[in-house]
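Read the structure below first, then the notes.
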Amino acid sequence: MYRKTIVKKFGFLGKDFLNEFEYNVLIQNVVAKDEIMREGQRNRFVPILSKGSLKVFSLNDGNEFIHYYIKPCESCSMTFSSIFSNYISSVYSVAVKDSQLILIPVEKLHQWLVKYPEINKVFYLEYKNRLSDIVSKVNNAMYYKLDKRILNFIKDQVQINHGNPLRITHQEIANNLGTSREVVSRILKNLENDGDILKTKNGILYFEKSTDW
């Protein structure tokens, strides 16, 4: 699995680089809920996800503020940016589901950025994608009511985790959208009455409604 990710991500740099890359990186398997990094930790590696899903967030008075989710073949932009300053993580990262990580030692990455300058394209694209995530989140907050934002969030999580029904708590939804668990519970009940979702013992089942006439 991880070899396919390496080729997809860095294949344009040629076979010599791929061989050097695979020789120097580490492969780490984690289970759901495992902490990958924490605020204040010194970053010794830049991760690339080969399978699974990661959540990147910060804590404010014990409340989570979600920055973004990392999908397969993506990296953590905030970890990458830290290697140009003090190497200290400003965020937390947790596995949403069982995952596999490709860990790039920061010392080697610094060498490769000089030796293979085109590698910068990979991480510039990561920044572009994260900026798009932020713009999308701001648009949702500005132009959609909370019920629509919750439904969009459930839809996105089903796609990210390739799982329907979605195993997630009301509190986790509230943390992601900056609201309370009680409000989320009430809106989920309304969405269920409208036929958009179904709450089951296995999670929240999302229904994709047809736009056909």
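Quick note on full-length UniProt numbering: the sequence shown kicks off at 1 and runs consecutively. Glycine included, each C-beta is placed from N, C-alpha and C at the ideal position.
Taking just the CA atoms, how far does Glu-39 sit from Val-56? Reading the sequence shown from its first residue, position 56 is the one you call residue 56. Reading the sequence shown from its first residue, position 39 is the one you call residue 39. Spanning the two alpha carbons is a distance of roughly 11 angstroms.
DSSP three-state label for Asp-98, please. Here residue 98 refers to the residue found at position 98 when the sequence shown is read from its first residue. Strand.
So is Gly-52 buried or exposed if we call it buried at 16+ other beta carbons inside 10 Å? On the sequence shown, position 52 is the one that residue 52 refers to. Flag for Gly-52 reads buried.
Give the list of continuous beta strand (DSSP E) stretches no shorter than 3 residues that lie fully inside the stretch 23-99. 26-30, 35-37, 45-60, 63-70
Measuring CB to CB, does Gln-28 end up less than 9 angstroms from Leu-101? As a working note, residue 28 is residue 28 in the sequence shown. As a working note, residue 101 is residue 101 in the sequence shown. In this structure, Leu-101 lies closer than 9 angstroms to Gln-28 by Cβ.
Contacts around Leu-146, its chain only, beta-carbon distance under 8 angstroms, and the 5 residues preceding and following it disregarded: Here residue 146 refers to the residue found at position 146 when the sequence shown is read from its first residue. Cβ neighbours of Leu-146 beyond the five flanking positions: Leu-177, Thr-179, Val-183, Ile-187.
Pro-117: buried (16+ other C-beta within 10 angstroms of its C-beta) or exposed? Walking along the sequence shown from the start, residue 117 turns up at place 117. Exposed: under 16 other Cβ atoms inside 10 Å.
Are the Cβ atoms of Asn-129 and Asn-140 separated by less than 9 angstroms? Position 129 of the sequence shown, counted from the first residue, corresponds to residue 129. Position 140 of the sequence shown, counted from the first residue, corresponds to residue 140. Not in contact: Asn-129 and Asn-140 (Cβ atoms no closer than 9 angstroms).
Tyr-116 - containing alpha helix (DSSP H), residue span: Within the sequence shown, numbered from 1, the residue matching residue 116 stands at position 116. Element bounds for Tyr-116: n/a, residue is neither H nor E.
Within the present structure, is the beta-carbon of Met-1 separated from the nearest heavy atom of the ligand COA by less than 8 angstroms? This structure lacks the ligand COA, and indeed carries no ligand of any kind.
Roughly how far, in whole angstroms, is the beta-carbon of Pro-105 from the beta-carbon of Arg-44, given that I think they are within contact range, below 8 angstroms? Position 105 of the sequence shown, counted from the first residue, corresponds to residue 105. Position 44 of the sequence shown, counted from the first residue, corresponds to residue 44. Confirmed, Cβ separation roughly 7 angstroms.
Excluding sequence positions up to five away, which residues of its chain have a Cβ less than 6 angstroms from the Cβ of Met-78? Here residue 78 refers to the residue found at position 78 of the sequence shown. Closer than 6 angstroms at the Cβ level, and outside the excluded window around Met-78, lie Val-91.
Whole angstroms is fine: what's the gap from Val-46's alpha carbon to Ser-75's? Against the sequence shown, residue 46 aligns to sequence position 46. Against the sequence shown, residue 75 aligns to sequence position 75. Roughly 7 angstroms between the two C-alpha positions.
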